[in-house]
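Step one of this worksheet: look at the structure below.
Residue numbers (my numbering): 1179 to 1575.
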């Protein structure tokens, strides 16, 4: 964040009287400042953000730009100047010159030559920009708040879209048109900026530009994303967009999202096919219109049977069945952990406490043999019951 201060208010003496100047803001007499005083002037408090130093060779001057002009002759004279709505600078004691539409460097050269030819042939002339202008830019089409937004000449397309409350859900972000006041137009693939950081696809603007963002055809260009992501629903894909690129720009995964369980449902020859996509294939899978992308929730581990606290547990890579039995409070007196059964998602099964658990496994601790035969009854209870039956039988003889 840079805070740029305009120079102090100065007026000019005109022989026939004093005339107020809206642009240029001149004083009755030119004031003389030291370099330290110039840097200390602080009459303009507006803040703006730059991504880097302004390049005089590319920055285009326009109405509202504030410039600092210094003329060094026998005296050190400094004036703050502002480009008028007509694109002109009024230079006290020199005249008016047009700088609108020129680069900053061109403007500096023109002003230097103008001053030396008109008034101060031997002067050392310096000029720089001290504050950048703001203007209204029209944004139409697939944004959430189309209309006019306030921008600066250094503001790029991504900031403009944010100021318009973001892209519409059906925006063709790869097919944006910038229409210039001159009648020329250019095509912008904003996705190239998102993917590769290509600044040519994230341009800046000048007065009179119009940004046109078309809507996509959901039937011909749309896909659906759902599951463990925020912002679920329809979206428009670019031609030959990969699953990886789409997820980069669209998906905001929830904490329980399982990237090992990404499924694409696709229509093929009138039938649905379900494609299970592993992460290493994300960059090679080309999305097609009509695809449904499911980001499944992370599968936990289920521990059932004769354990103290049966239920679902988080998956920990490398944990064995014994580890999960311990997480479940250990086996009950009726449980036999040595015969633990592990059911995998692919339908296969394993037994034993040393089996390394996979995501989504179901662990079942069975009853031990004693519990299976006798249940909760003790041997004494069983013996007493058998003796009672036997004595009853003898009594009937």
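All C-beta atoms in this analysis are idealised placements derived from N, C-alpha and C, irrespective of residue type, glycine included.
Between the CA atoms of residue j and residue i - distance to the nearest angstrom
| i | j | result |
| --- | --- | --- |
| residue 1480 | residue 1434 | 16 angstroms |
| residue 1266 | residue 1294 | 18 angstroms |
| residue 1417 | residue 1402 | 16 angstroms |
| residue 1179 | residue 1264 | A caution first: residue 1179 carries a pLDDT of 41, below 50, which makes its placement in the model too unreliable to give a value. |
| residue 1386 | residue 1453 | 48 angstroms |
| residue 1473 | residue 1407 | 7 angstroms |
| residue 1290 | residue 1340 | 40 angstroms |
| residue 1545 | residue 1344 | 59 angstroms |
| residue 1313 | residue 1250 | 33 angstroms |
| residue 1512 | residue 1482 | 13 angstroms |
| residue 1361 | residue 1237 | 20 angstroms |
| residue 1469 | residue 1444 | 5 angstroms |
| residue 1440 | residue 1284 | 56 angstroms |
| residue 1516 | residue 1451 | 41 angstroms |
| residue 1331 | residue 1272 | 28 angstroms |
| residue 1306 | residue 1286 | 8 angstroms |
| residue 1223 | residue 1328 | At residue 1223 the pLDDT is 40, less than 50, meaning the model places this residue with poor confidence; the figure from the coordinates comes in the next sentence. About 18 angstroms. |
| residue 1476 | residue 1495 | 13 angstroms |
| residue 1276 | residue 1365 | 31 angstroms |
| residue 1231 | residue 1282 | 13 angstroms |
| residue 1235 | residue 1376 | 20 angstroms |
| residue 1233 | residue 1446 | 54 angstroms |
| residue 1530 | residue 1448 | 46 angstroms |
Neighbourhood of residue i by C-beta distance below 8 angstroms, restricted to the same chain and skipping five residues each side
| i | result |
| --- | --- |
| residue 1532 | 1498, 1499 and 1500 |
| residue 1214 | The predicted model places residue 1214 with a pLDDT of 45, which falls under 50 and marks its position as unreliable; any figure quoted below should be read in that light. Excluding sequence neighbours, residue 1214 sits near nothing in its chain. |
| residue 1195 | Here residue 1195 scores only 38 on pLDDT, less than 50, and its place in the model should not be relied on; the value that follows carries that caveat. No residues qualify anywhere along the chain. |
| residue 1288 | 1275, 1277 and 1280 |
| residue 1462 | 1420 |
| residue 1292 | 1269, 1272, 1273 and 1275 |
| residue 1301 | 1249, 1250, 1251, 1293 and 1294 |
Residue i at chain D interface by Cβ criterion, 7 angstroms
| i | result |
| --- | --- |
| residue 1422 | Structure shown: chain D not included; a single protein chain is present. |
Sequence-distant residues of the same chain with beta carbon closer than 6 angstroms to residue i, five excluded per side
| i | result |
| --- | --- |
| residue 1508 | 1486 |
| residue 1280 | 1239 |
| residue 1363 | 1355 and 1357 |
| residue 1269 | none |
| residue 1583 | Because the chain in this structure spans residues 1179 to 1575, residue 1583 falls outside the shown range and cannot be described. |
Cβ pair residue i, residue j closer than 7 angstroms
| i | j | result |
| --- | --- | --- |
| residue 1261 | residue 1239 | yes |
| residue 1467 | residue 1399 | yes |
| residue 1336 | residue 1380 | yes |
| residue 1460 | residue 1421 | yes |
| residue 1542 | residue 1519 | yes |
| residue 1358 | residue 1342 | no |
| residue 1430 | residue 1405 | no |
| residue 1311 | residue 1242 | yes |
| residue 1464 | residue 1442 | no |
| residue 1372 | residue 1427 | yes |
Selection from the options that minimises the alpha carbon distance to residue i
| i | options | result |
| --- | --- | --- |
| residue 1296 | 1274, 1363, 1451 and 1472 | 1274 |
| residue 1303 | 1252, 1281, 1460 and 1366 | 1252 |
| residue 1456 | 1258, 1282 and 1437 | 1437 |
| residue 1414 | 1357, 1443 and 1395 | 1395 |
| residue 1504 | 1521, 1523, 1484 and 1522 | 1484 |
| residue 1411 | 1268, 1346, 1361 and 1259 | 1346 |
| residue 1382 | 1356, 1397 and 1404 | 1356 |
| residue 1259 | 1245, 1278 and 1272 | 1245 |
| residue 1255 | 1391, 1372, 1308 and 1298 | 1298 |
| residue 1488 | 1494, 1427, 1228 and 1502 | 1502 |
| residue 1506 | 1423, 1446, 1495 and 1490 | 1490 |
| residue 1257 | 1525, 1425 and 1308 | 1308 |
| residue 1338 | 1376, 1391, 1300 and 1494 | 1391 |
| residue 1326 | 1389, 1449 and 1397 | 1389 |
| residue 1424 | 1369, 1376 and 1449 | 1369 |
| residue 1163 | 1530, 1524, 1514 and 1526 | Absent from the model: residue 1163. The displayed extent of the chain is 1179 to 1575, so no value can be given. |
| residue 1315 | 1384, 1288 and 1233 | 1384 |
Sequence-distant residues of the same chain with beta carbon closer than 7 angstroms to residue i, five excluded per side
| i | result |
| --- | --- |
| residue 1492 | 1478 |
| residue 1522 | 1536 and 1539 |
| residue 1367 | 1352 and 1379 |
| residue 1528 | 1520 |
| residue 1510 | 1484, 1485 and 1486 |
| residue 1397 | none |
Quick one: any contact between the segment 1314-1323 and the segment 1341-1359, if contact means 3 or more CB pairs under 8 angstroms? yes
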